[in-house]
Each structure stands twice: as C-alpha cells, then as structure tokens.
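A.B. asks: So the sequence lines, in the order shown, correspond to chains A and B.
The C-terminal position of the first sequence is numbered 225 in the numbering used here, with every residue numbered one higher than the one before it.
The C-terminal position of the second sequence is numbered 167 in the numbering used here, with every residue numbered one higher than the one before it.
The beta carbon of each residue, even a glycine, is placed where N, CA and C say it ideally should be.
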Amino acid sequence: SQELEQSPQSLIVQEGKNLTINCTSSKTLYGLYWYKQKYGEGLIFLMMLQKGGEEKSHEKITAKLDEKKQQSSLHITASQPSHAGIYLCGATQKLVFGQGTRLTINP
Amino acid sequence: DGGITQSPKYLFRKEGQNVTLSCEQNLNHDAMYWYRQDPGQGLRLIYYSQIVNDFQKGDIAEGYSVSREKKESFPLTVTSAQKNPTAFYLCASSMGSDLYRGNTEAFFGQGTRLTVV
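(1) Would Phe62(B) pass as an interface residue toward chain A - the criterion being a Cβ-Cβ separation below 8 Å?
(2) Buried or exposed: Ile162(A), going by 16 or more other Cβ atoms within 10 Å of its Cβ?
(3) Using DSSP's beta-bridge definition, name the partner residues of Arg63(B).
(4) Alpha carbon to alpha carbon, how far is Lys145(A) from Ile101(B)?
(5) Based on the DSSP secondary-structure assignment, which residues constitute the bridge partners of Leu93(B)?
(6) Determine whether the Cβ of Leu95(A) lies closer than 8 Å to any Cβ atom of chain B.
(7) Note down, in chain order, each residue of its chain lying with its Cβ closer than 7 Å to the Cβ of Val214(A), except the 5 sequence neighbours on either side.
(8) Within 8 Å of any Cβ in chain B, is that where the Cβ of Glu123(A) sits?
(9) Select from Leu95(B), Lys120(B) and Trp84(B) the residue whose C-alpha is nearest the C-alpha of Asp109(B).
(10) Using a cut-off of 8 Å between C-beta atoms, extract the partners of Gln189(A) located in chain B.
(11) Could you please tell me which residues of the segment 183-217 of chain A, in chain order, have their CB closer than 7 Å to any CB of chain B?
(12) Would you mind stating whether Ser197(A) and Leu137(A) have Cβ atoms separated by less than 8 Å?
(13) Less than 8 Å between the CB atoms is what I'm expecting for Asp88(B) and Ala131(B), so what's the real figure, rounded?
(14) So which residues on chain A does Arg86(B) lean against when the C-beta distance must stay under 9 Å?
(15) Tell me which residues share the same chain as Thr180(A) and place their Cβ nearer than 6 Å to its Cβ, disregarding the 5 neighbours each side in the sequence.
(16) Any C-beta of chain B sitting closer than 8 Å to the C-beta of Gly134(A)?
(17) Check the Cβ-Cβ distances between Glu172(A) and every residue of chain B, and say whether any is below 8 Å.
(18) Quick check on DSSP: helix, strand or coil for Ser191(A)?
(19) Any beta carbon from chain A within less than 8 Å of Gly159(B)'s own beta carbon?
(20) Using a Cβ cut-off of 8 Å, which residues of the segment 134-148 of chain B contact any Cβ in chain A, in chain order?
(21) For Leu129(A) and chain B, any beta-carbon pair shorter than 8 Å?
(22) Going by CA-CA distance only, name the one from Trp84(B), Leu77(B), Asn78(B) and Glu65(B) that's closest to Leu71(B).
(23) Check whether the segment 164-182 of chain A touches the segment 108-125 of chain B, counting contact only when three or more Cβ pairs, one atom from each stretch, lie closer than 8 Å.
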C-alpha cells in the first residue's frame, strides 16, 4: 500500500522566517494534496498538484511536485502567526495521508 | 451552500456501547471517506465508499462498520469491539470515484470528537 512520509514532524520558526515541509511517497503519485488543519478542526484545502515538475502558489505558500512524482515540498515565505497549524500531504489516489507536520510560529 | 456536515461535534460513549457518527454531503460527490486522527498523528483511513451500496475497508477498519444507502450519507458506527475508540473522526468526500487515477479536491467535515467514559 502507498505510504506518505512527512518531515519534519514538528517545526518551530520565528515570525518572518521562511520554512519548508517535505512529503515523500513510497510509490509514484497520480497527484498530491496539501491541506492545513487547526487543532480539533477539519482540513482546509491548500492546493493539488498533478503533473511532474508542477508548482503552485497561493499567497505566501508555494508547493512543488518533483518530476518523478514521488516527492513534494511546501514552502512558506515570511511566515505569520496565521500559518500555524498542522500541514498534511495526501495522495489523490485512495486519499491516504502523511502523519502531518505541526508548525508553530513564534512572535 | 454546498458542503459536508458531521454531527455531533462532541460525543460521549460508555464502554460496551455502539455509537453512530453522522456524515452528510450535498456536493453530489460519489466518493466518501472516514478517518481517525489521534493526538499528534496524521489521518488513518477507516473505510471508504466509491459509490452507493459499496464500501471498502481502509487501514484500520476493525471495530468499525459503515453503510452507504444514499449518495449523500455515509454513517460510521463505532462498535464495542473497537478497543480504543477515543479519537477525533473526520469524514471527507470527493467527486472522483476512480481512486487509482486520482481525484479532484476532497472536502472535509469539521470532525466529531468521540470520548469513551
């Protein structure tokens, strides 16, 4: 079965700093989702990547899918307190998810 | 407004009892999913359904049961056989029914927090 591994599991950064979260799949991906979750709440859709080499941006968040479609990275530029939460990557086939990355932004 | 609704938000269950979590969507989505989330962990797939009257086990189906009698509804029953039912449960739906070719965006409910007392 397909597995997704996220790194790091936890990340604490100073407000205003850049950061990157990685997601690696055990199998080739048909597509990849990135979601954000605040503790105890549902998931908020950030973006979906489907093509090798694809890159998408939304406000200060950029996500890329590598050419081989087995790795993705999520990059946040000039982080803000509103970026704090749990970030989850998920495979579009069978909708399996990584274990999440807990992001804390310190003022 | 279209969306996916889970109820209740908080649920308490005595040991040995079955309890059913509701999930309803009005997005006309074919596929629906149930996940369990434990503190500090990601989402683990319990059951999924690609079409009405059909569903498949996910990675942690033991102690759970589901039904899909209507397209809009995918209730999850946590049975007394589930040894550690206390968790946060999330329901999702997506348009795609071909799980091996990928989906369009998947929508999530706000979750139900189940506590065994």
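C.D. replies: Based on what the coordinates show:
(1) no
(2) exposed
(3) Val166(B)
(4) 25 Å
(5) Gln87(B)
(6) Missing from the structure shown is residue 95(A); chain A here goes from 119 to 225 and no further.
(7) Gln120, Leu122 and Gly208
(8) no
(9) Leu95(B)
(10) Simply none; closest approach about 17 Å.
(11) Leu206, Thr210, Gln211, Lys212, Leu213, Val214, Phe215, Gly216 and Gln217
(12) yes
(13) Between Ala131(B) and Asp88(B) the Cβ distance is about 18 Å, and since that is not below 8 Å, they are no contact.
(14) The premise fails here: Arg86(B) is roughly 11 Å from chain A at the closest Cβ pair, so nothing lies under 9 Å.
(15) His193
(16) no
(17) no
(18) strand
(19) yes
(20) Phe138, Leu140, Ala142, Ser144 and Gly146
(21) no
(22) Trp84(B)
(23) no
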